[in-house]
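In my numbering, the protein residues as written are 849 to 1203. Input: a single structure, listed below in structure tokens.
Dropping the structure here:
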């Protein structure tokens, strides 16, 4: 009997929110996500911007909040559910500062004495927090954080099955390949001065930098020489690739052709900074130089291999490369990942497009 009373109480608490989710003019989560993706594409195409006010509605009058939100938006704006506990207000061609003021005005319309919902504003394109003091998150109340550093609802976290596959694959790979690692490390040590492992900051999930590991295949001062070789770059866009890069050591040329230099990234996979299959991570400066629509490849966790890896690698343009990444992100599945992993083996052995 006690269990029944508890279940009934929970149902009664959830009912108002469920009714609000079905309110006229309030998009359900799936539809709202589609609206946001459409607006993102429009903003990228027209170099525009937009802001989203996100209310956490767990402890407030959801119906009243959604009604007030609908009253105050323009015909080009939208109101909908980001998820079951977050109501979003999309403001087209609206700066973060203006959206913050709209959020304040909207909160003032709620009855005095009621619990105010937690609130934040996400702007697109996102401003970098390290650019100026004004771009740091601001608070105007105990539960109201009015700016986020990135539009987090576009990010795709790793599905549980994908993380399990990563842990299993990386653990098996690191264990079985350890003898090869020892041999490669010894040859690098004997063949050229410098460290065995090359470390470089790359742009990861959501643009967060992480340290990527590779077997060193170039001279120790390779990064400082890259700018002088920029005129010889054979890859369009911001990425840098050369078939006969003078910085590459003789042994480095072989491990690059066979992709053995990439195998230490299994450690990145095990740490959760990368995944077995996903967009290849670029150096931070190259990724930042990409066009706005090309930044969408950061929506997913970067990978050890990807569609680009098995479809010609350096033979495709940078725009084609990014489109492959975006298509992969939209269609992530277990079978697709297995297919890419299996296709990577002949692509590496046959050295398709490797530089």
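Built from N, CA and C at the ideal position, the CB exists for glycine as well.
Please classify residue i as buried or exposed, where buried requires at least 16 neighbouring CB atoms within 10 angstroms.
{"i": "residue 1070", "result": "buried"}
{"i": "residue 1198", "result": "exposed"}
{"i": "residue 930", "result": "buried"}
{"i": "residue 873", "result": "exposed"}
{"i": "residue 1068", "result": "exposed"}
{"i": "residue 956", "result": "exposed"}
{"i": "residue 1133", "result": "exposed"}
{"i": "residue 888", "result": "buried"}
{"i": "residue 1079", "result": "exposed"}
{"i": "residue 1059", "result": "exposed"}
{"i": "residue 1064", "result": "buried"}
{"i": "residue 961", "result": "exposed"}
{"i": "residue 1053", "result": "buried"}
{"i": "residue 1012", "result": "exposed"}
{"i": "residue 1111", "result": "buried"}
{"i": "residue 981", "result": "Residue confidence is low: residue 981 scores 36 on pLDDT, short of 50, so the model does not pin down where it sits. Its coordinate-derived value is still stated next. Per the 10 Å Cβ criterion, exposed."}
{"i": "residue 1116", "result": "buried"}
{"i": "residue 953", "result": "exposed"}
{"i": "residue 1014", "result": "buried"}
{"i": "residue 926", "result": "buried"}
{"i": "residue 1023", "result": "exposed"}
{"i": "residue 1127", "result": "buried"}
{"i": "residue 1104", "result": "buried"}
{"i": "residue 1135", "result": "buried"}
For residue i, which of helix, strand or coil comes out of DSSP?
{"i": "residue 877", "result": "helix"}
{"i": "residue 1136", "result": "helix"}
{"i": "residue 1148", "result": "strand"}
{"i": "residue 1072", "result": "helix"}
{"i": "residue 1006", "result": "coil"}
{"i": "residue 987", "result": "Bear in mind that a pLDDT of 40 at residue 987, under 50, signals an unreliable position, so the number given afterwards is only what the model happens to contain. Three-state DSSP puts residue 987 in a strand."}
Quick one, which of the options has its alpha-carbon nearest residue i's?
{"i": "residue 947", "options": "1085, 929 and 921", "result": "921"}
{"i": "residue 1169", "options": "1189, 1185 and 1129", "result": "1129"}
{"i": "residue 1185", "options": "1101, 1164 and 1155", "result": "1155"}
{"i": "residue 1176", "options": "1095, 1146 and 1196", "result": "1146"}
{"i": "residue 924", "options": "1041, 1076, 890 and 1138", "result": "890"}
{"i": "residue 1137", "options": "1167, 971, 1087 and 1188", "result": "1087"}
{"i": "residue 881", "options": "1114, 938 and 1062", "result": "938"}
{"i": "residue 1182", "options": "883, 917 and 1006", "result": "1006"}
{"i": "residue 959", "options": "915, 1046 and 1153", "result": "915"}
{"i": "residue 1099", "options": "1123, 1040 and 1076", "result": "1040"}
{"i": "residue 1121", "options": "1148, 1172, 1103 and 1102", "result": "1148"}
{"i": "residue 1188", "options": "1166, 1164 and 1157", "result": "1157"}
{"i": "residue 1032", "options": "1106, 901 and 895", "result": "1106"}
{"i": "residue 971", "options": "965, 944, 1091 and 952", "result": "944"}
{"i": "residue 1056", "options": "1091, 919, 1171 and 974", "result": "974"}
{"i": "residue 894", "options": "1118, 941, 1019 and 1116", "result": "941"}
{"i": "residue 1164", "options": "1103, 1089 and 1072", "result": "1089"}
{"i": "residue 904", "options": "896, 963 and 1034", "result": "963"}
{"i": "residue 1131", "options": "1125, 1062, 1093 and 875", "result": "1062"}
{"i": "residue 1004", "options": "1123, 1084 and 1076", "result": "1123"}
{"i": "residue 876", "options": "906, 917, 936 and 886", "result": "936"}
{"i": "residue 1027", "options": "1108, 1140 and 967", "result": "1108"}
{"i": "residue 918", "options": "950, 896, 906 and 932", "result": "950"}
{"i": "residue 1194", "options": "1000, 1030, 896 and 1153", "result": "1153"}
DSSP beta-bridge partners for residue i?
{"i": "residue 1089", "result": "The partner list for residue 1089 (beta bridge, DSSP) is empty, contrary to what the question assumes."}
{"i": "residue 1131", "result": "1050"}
{"i": "residue 1153", "result": "1125"}
{"i": "residue 1059", "result": "1049"}
{"i": "residue 900", "result": "938 and 970"}
{"i": "residue 1172", "result": "None, per the DSSP bridge assignment."}
{"i": "residue 1012", "result": "BP columns for residue 1012 are empty, so no partner."}
Output the boundary residues of the alpha helix (DSSP H) element that contains residue i.
{"i": "residue 946", "result": "944 to 956"}
{"i": "residue 1100", "result": "1098 to 1105"}
{"i": "residue 1185", "result": "1182 to 1197"}
{"i": "residue 912", "result": "910 to 919"}
{"i": "residue 1028", "result": "1026 to 1039"}
Quick check on the DSSP output: the beta strand (DSSP E) that includes residue i runs from which residue to which?
{"i": "residue 968", "result": "966 to 972"}
{"i": "residue 1115", "result": "Taken as a continuous stretch (DSSP letters only), residue 1115 belongs to no beta strand (DSSP E), being part of the alpha helix (DSSP H) at 1113 to 1119."}
{"i": "residue 931", "result": "926 to 931"}
Could you check whether the Cβ of residue i sits closer than 7 Å to any heavy atom belonging to the ligand COA?
{"i": "residue 974", "result": "Among the ligands in the structure shown, none appear at all, so the ligand COA cannot be discussed."}
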